DNA sequence: ACAGGTATCTTGTGTCACAAGGTATAGGGC
DNA sequence: GCCCTATACCTTGTGACACAAGATACCTGT
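Now the structure itself:
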């Protein structure tokens with residue numbers, strides 16, 4: 001979901017997303033690349049993102065991912081589901097418990 | 001965390017907790033017993049809960065779990081961590097993204 | 001030359017949620 | 001008496017996944 005969201009801001013490549021996750025979360029969500037790339041593959045398999053290799057004059061080529069329309073739908077759905085989940089947990093957590 | 005919280009309301013047994021999860025969440029978190037019991041074992045191994053077998057005049061005996069002081073500390077810590085996590089996700093989710 | 005940052009990918013490990021199956025007791029319907 | 005359902009506990013196997021570690025390759029600064 002977070003990956004899809006970051007891509008909704010525009011085409012990005014893996015390393016960039018990883019850096020953004022780390023900086024935006026102030027170092028609390030340092031997702032390693034060994035975790036990141038498999039997630040991209042899953043999203044691609046679902047048809048939610050589309051990769052494009054962009055060679056550069058200098059440096060190794062970058063694989064940019066673009067969010068598809070399907071992906072945007074999936075993102076909205078995922079966010080709704082996430083918020084519902086959080087609400088549910090909070091309802092159990094605040095329901096009658098003392099501590 | 002949810003298990004610990006439910007036990008913080010008083011000694012409970014497995015089947016009871018599963019039912020409460022389902023009813024409180026209005027059927028959205030139906031955790032099966034094949035999931036539940038292993039969780040109890042993990043909590044017990046950490047010293048956060050303590051089981052007591054209570055035989056009944058009728059029916060199979062029930063295994064009640066009680067939250068320890070250690071468990072109460074762990075619960076508070078887990079809730080704090082959970083809220084921090086949710087805040088972090090929300091920060092990424094609302095930070096500059098259009099949809 | 002070499003160290004460190006950029007950039008992608010693969011493999012192996014351990015954890016865990018869940019489904020499915022097993023055991024046992026009790027009550028209700030036929 | 002017999003089956004079905006509900007209660008109540010437990011175990012095993014499967015599949016998914018997060019993560020660490022390692023591999024490859026290019027570029028920059030010292």
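Residue numbers (this note's numbering), protein chains in the order written: chain A, 1 to 99; chain B, 1 to 99.
Even for Gly, the Cβ is constructed at its ideal location relative to N, Cα and C.
Note that this is a predicted model, so its numbers are computed, not measured.
For residue 70/B, same chain residues with a beta-carbon under 6 Å away, outside a window of 5 residues either side, are 47, 48 in chain order. Here residue 51/A is bridged, per DSSP, to 65/A. Per the coordinates, the alpha-carbon of residue 57/A lies some 58 Å from the alpha-carbon of residue 72/B.
By the beta-carbon neighbour count (other beta carbons within 10 angstroms, threshold 16), residue 60/A is exposed. Taking 9 Å as the CB threshold, residue 82/B lines the interface with chain A. Only exposed fits residue 45/A, as fewer than 16 other CB atoms lie within 10 angstroms of its CB. Within chain A, the C-beta atoms nearer than 9 Å to that of residue 89/B come from 1, 2, 25, 29, 82, 86, in chain order.
Counting only residues of its own chain and dropping the five nearest sequence neighbours on each side, residue 78/A has a CB closer than 8 Å to the CB of 1, 4. Rounded to the nearest whole angstrom, the C-alpha separation of residue 93/A and residue 64/A is 41 Å.
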